[in-house]
Each structure stands twice: as C-alpha cells, then as structure tokens.
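In the UniProt record's numbering, the protein residues as written are 1 to 181.
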C-alpha cells in the first residue's frame with residue numbers, strides 16, 4: 001500500500017510566506033532591480049537648453065537628459081545630445097543654472113548663474129532640474145557681439161524711418177551680409 005505524498009511546511013518567517021504588499025519585503029532582492037540598486041547611484045533627469053550666442057550659429061535647442069556625476073561626464077552627455085557642441089573643446093562648454101524660479105518652475109526673466117567646478121559634487125544631493133549650456137566667449141567675442149547688435153538696431157531704425165526706396169536695399173544688404181540671421 002502506498003502512502004499519500006507529504007509536503008514539508010515552511011516556517012512562518014520565510015520570505016515566500018510574506019504577503020506581497022507589505023513594508024517588510026522592501027529589503028528583499030527584486031527583479032528588475034530597483035532604481036540605483038545595482039550601481040549604488042541614482043540618476044536625475046535634467047532639461048538642457050543649448051543657447052548659441054554670436055558668432056556661433058544655430059538656434060536654441062532643448063533636450064531632456066541625465067545629470068552626470070561630474071562636470072566631465074555631463075559635458076560628454078551634452079556633446080552627444082547637441083551635435084554642434086562636439087566641435088568645441090570641453091573647457092569652452094559652460095553650464096548655467098536659473099537664478100529665480102517662480103511657483104511653476106519657470107525662470108523669471110533671463111537670469112542665469114554660472115556653475116563653478118566646486119559645485120558639481122553638491123548636485124548629488126540637490127540636483128538642478130534645468131541647465132543652460134553655452135560656449136564660453138573667446139577674448140573680444142562679447143564686445144563684438146554687442147557692437148553687432150548695436151549696428152543691427154541702427155540699421156533697422158534707419159530702414160524703418162528712411163524712405164522705402166532706401167530702406168528696402170538697406171534691409172536686403174543686411175540680410176545678404178548675414179546680420180539678420
């Protein structure tokens with residue numbers, strides 16, 4: 001005569017006997033691994049805004065990416081995200097953080113602050129949500145940019161207030177020279 005099969009009973013504290021939705025099983029291994037569990041670090045999403053300033057050509061672009069652990073890692077991320085940044089050496093790429101943020105998370109005005117190299121380790125605890133990326137000016141770039149903007153304003157005012165037969169050719173000449181790009 002054969003006996004019925006017998007099963008071994010598990011102890012009450014065994015991990016498989018725990019209910020699925022309890023706080024007690026948060027320390028147990030999980031698949032897929034929880035965020036930051038495998039590498040020991042967490043990732044933070046950042047909205048990068050690339051703003052080309054004259055003499056750099058292009059238009060403003062936004063991209064959502066992750067924040068690197070160091071400035072060098074973050075530069076590599078933005079160089080992959082904005083292809084025209086790969087043409088410039090990493091020491092010319094600079095990051096700025098918004099100064100005043102309203103309740104909606106938008107920048108009040110156009111105030112941005114440069115981020116020093118010493119500030120990057122602090123981003124692990126308090127990461128920014130938005131960063132502006134730009135190419136640092138070479139000596140004389142800022143002065144030439146201001147002169148260019150001044151002359152554009154002068155030509156636009158002259159074109160508006162001069163007779164049509166003079167204003168039209170002035171505007172066409174400015175467009176041909178690339179001042180109105």
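Cβ atoms here follow ideal geometry from the backbone N, Cα and C, with glycine treated the same way.
All of these numbers come straight from a predicted model, not from anything done at the bench.
Open item on the list: Quick check on residue 90: does DSSP put it in helix, strand or coil?
Closed with: The count along the chain shown starts at 1 and reaches residue 90 at position 90. Residue 90 falls in the helix class under three-state DSSP.
Task: Identity of the residue in 134, 173, 155 nearest residue 58 by Cα - done: Stepping through the chain shown from its first residue, residue 58 is reached at position 58. Among 134, 173, 155, the Cα nearest to that of residue 58 belongs to 134.
- [ ] Could you spell out where the alpha helix (DSSP H) holding residue 63 opens and where it closes?
- [x] For this step, residue 63 is matched to residue 63 along the chain shown. Note, residue 63: premise wrong, no alpha helix (DSSP H); beta strand (DSSP E) at 61-66.
Open item on the list: Along the chain, where does the alpha helix (DSSP H) containing residue 79 start, and where does it finish?
Closed with: Taking the first residue of the chain shown as 1, we reach residue 79 at position 79. It spans 71-81 - the alpha helix (DSSP H) in which residue 79 sits, taken as one unbroken run.
TODO: Report the option in 93, 113, 155 whose CA atom is closest to the CA atom of residue 74.
DONE: What you label residue 74 is simply residue 74 of the chain shown in a count that begins at 1. The shortest Cα separation from residue 74 among 93, 113, 155 belongs to 93.
Open item on the list: Can you look up residue 174 in the DSSP assignment and give me helix, strand or coil?
Closed with: One-based indexing of the chain shown puts residue 174 at position 174. In this structure, residue 174 counts as helix in the three-state DSSP scheme.
Open item on the list: I need the straight-line Cα distance from residue 152 to residue 56, nearest angstrom please.
Closed with: On the chain shown, position 152 is the one that residue 152 refers to. On the chain shown, position 56 is the one that residue 56 refers to. Those two C-alpha atoms are separated by around 17 Å.
Open item on the list: Quick check on the burial criterion: 16 or more other C-beta atoms within 10 angstroms. Buried or exposed for residue 70?
Closed with: Position 70 of the chain shown, counted from the start, is the residue given in the question as residue 70. By the 10 Å Cβ count, residue 70 comes out exposed.
Open item on the list: Applying the 10 Å Cβ sphere with the 16-neighbour rule, what's the burial state of residue 169?
Closed with: Along the chain shown, read from residue 1 onward, the residue named residue 169 stands at position 169. With fewer than 16 Cβ atoms within 10 Å of its Cβ, residue 169 is classed as exposed.
- [ ] Apply the 10 Å Cβ neighbour rule to residue 82 and answer buried if 16 or more other Cβ atoms are within range, or exposed otherwise.
- [x] By 1-based counting over the chain shown, the position of residue 82 is 82. Buried.
- [ ] Report the rounded CA-to-CA distance for residue 46 versus residue 80, giving the unit in angstroms.
- [x] By one-based count along the chain shown, residue 46 stands at place 46. By one-based count along the chain shown, residue 80 stands at place 80. Whole-angstrom Cα-Cα distance: 15 Å.
Task: residue 120 in three-state terms, based on DSSP - done: Locating residue 120 in the chain shown gives position 120, where the first residue counts as 1. Correct three-state label for residue 120: helix.
Open item on the list: Considering only heavy atoms of the ligand FMN, does any lie closer than 8 Å to the CB of residue 47?
Closed with: This structure does not include the ligand FMN; it has no bound ligands of any sort.
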